[in-house]
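In my numbering, the protein residues as written are 216 to 455.
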């Protein structure tokens with residue numbers, strides 16, 4: 216399954232081109248932001264899974280595309296402008312965000328949010344004496360390597376597993392192995408457990424998720440880009 220296959224599994228939104236005036240109306244500092252948002256919009260036509268949001272030095276949102284607002288904040292773009300990052304996401308995620316993302320945009324953060332894997336990259340922009348942080352976010356299914364287009368990929372310290380949150384840590388680990396295409400026998404050998412124990416975990420996973428098809432379980436793991444080590448992430452829930 217390739218990254219482009221993920222498009223068929225997620226709701227596609229028709230993209231309406233915003234005008235420069237709309238950019239200016241939605242941003243407190245529209246100059247550089249409008250230019251960057253325009254460039255991101257052009258890219259988003261090729262990838263409907265891409266969005267952008269902008270933070271000021273106090274970590275307040277000054278701009279967000281509809282895709283970013285829905286993906287990250289579960290809200291409309293006009294509902295989040297002017298609010299702090301901690302008020303629209305989990306405070307535990309917002310804490311330390313600036314330090315994690317750095318200043319040069321030379322690393323990518325991998326976040327599982329609402330059961331989807333999201334890759335984020337942020338850069339500082341100096342716009343009319345206002346220092347802004349422009350963040351580009353993209354949903355991506357499947358396993359992500361440690362280097363993404365030459366950039367270091369760092370895991371977020373927390374995760375919202377969405378529909379997978381009902382699973383125990385051990386079941387999350389097993390779900391990740393299922394998503395990787397491993398058989399019951401292969402999983403059993405890898406975790407040094409009996410095949411029957413692994414099969415019992417699989418049955419429990421299906422019962423909790425309300426699905427019995429192994430492929431459906433694998434699809435949920437694929438959407439989340441789930442890795443076995445993700446089971447150890449601190450669990451949070453997105454702000455409604």
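Note that CB positions come from ideal geometry on N, CA and C, so glycine has one too.
Is the CB-CB distance between residue i and residue j below 9 Å?
i, j, result
"residue 340", "residue 334", "no"
"residue 449", "residue 374", "yes"
"residue 183", "residue 336", "For residue 183 there is no data in the structure shown, the boundaries of the chain being 216 and 455."
"residue 354", "residue 417", "no"
"residue 316", "residue 303", "no"
"residue 429", "residue 305", "no"
"residue 322", "residue 369", "yes"
Name the residue from the options whose alpha carbon lies nearest to the alpha carbon of residue i.
i, options, result
"residue 279", "372, 269, 273", "269"
"residue 300", "277, 408, 405", "277"
"residue 432", "378, 407, 384", "378"
"residue 328", "412, 397, 390, 284", "284"
"residue 274", "289, 290, 296, 266", "296"
"residue 349", "393, 272, 383, 291", "272"
"residue 308", "402, 372, 367", "372"
"residue 435", "392, 338, 282", "392"
"residue 445", "291, 382, 421", "382"
"residue 376", "390, 410, 267, 404", "390"
"residue 406", "443, 425, 421", "443"
"residue 367", "324, 314, 408, 409", "324"
"residue 314", "292, 338, 421", "338"
If residue i and residue j are in contact, beta carbons under 8 Å, what's the gap, nearest whole angstrom?
i, j, result
"residue 458", "residue 331", "In the structure displayed, the chain extends from 216 to 455; residue 458 sits before or after that span and is not available."
"residue 437", "residue 311", "That belief does not hold up - the Cβ atoms of residue 437 and residue 311 are roughly 28 Å apart, past 8 Å."
"residue 399", "residue 414", "5 Å"
"residue 419", "residue 386", "6 Å"
"residue 326", "residue 394", "So it is not a contact: roughly 17 Å between Cβ atoms."
"residue 447", "residue 361", "Rounded, the Cβ-Cβ distance is 17 Å, inconsistent with contact."
Check for me: the alpha helix (DSSP H) holding residue i runs from which residue to which?
i, result
"residue 306", "306-309"
"residue 424", "410-424"
"residue 379", "Element bounds for residue 379: n/a, residue is neither H nor E."
"residue 295", "292-295"
"residue 399", "399-406"
"residue 312", "312-316"
"residue 441", "Run containing residue 441: none; DSSP gives neither H nor E here."
"residue 299", "Premise fails: residue 299 is in no alpha helix (DSSP H) and is neither H nor E."
Between which two residues does the beta strand (DSSP E) carrying residue i extend?
i, result
"residue 270", "265-270"
"residue 284", "No beta strand (DSSP E) contains residue 284, which DSSP labels as neither H nor E."
"residue 326", "322-328"
What does DSSP give as the partner residues of residue i in its beta bridges?
i, result
"residue 373", "449"
"residue 460", "An answer regarding residue 460 cannot be provided, because it is not within the stretch 216 to 455 covered by the chain."
"residue 333", "326, 354"
"residue 367", "322, 362"
"residue 275", "299"
Cβ of residue i less than 9 Å from any chain C Cβ?
i, result
"residue 379", "Given the protein chain composition of this structure (a single chain), no chain C is represented."
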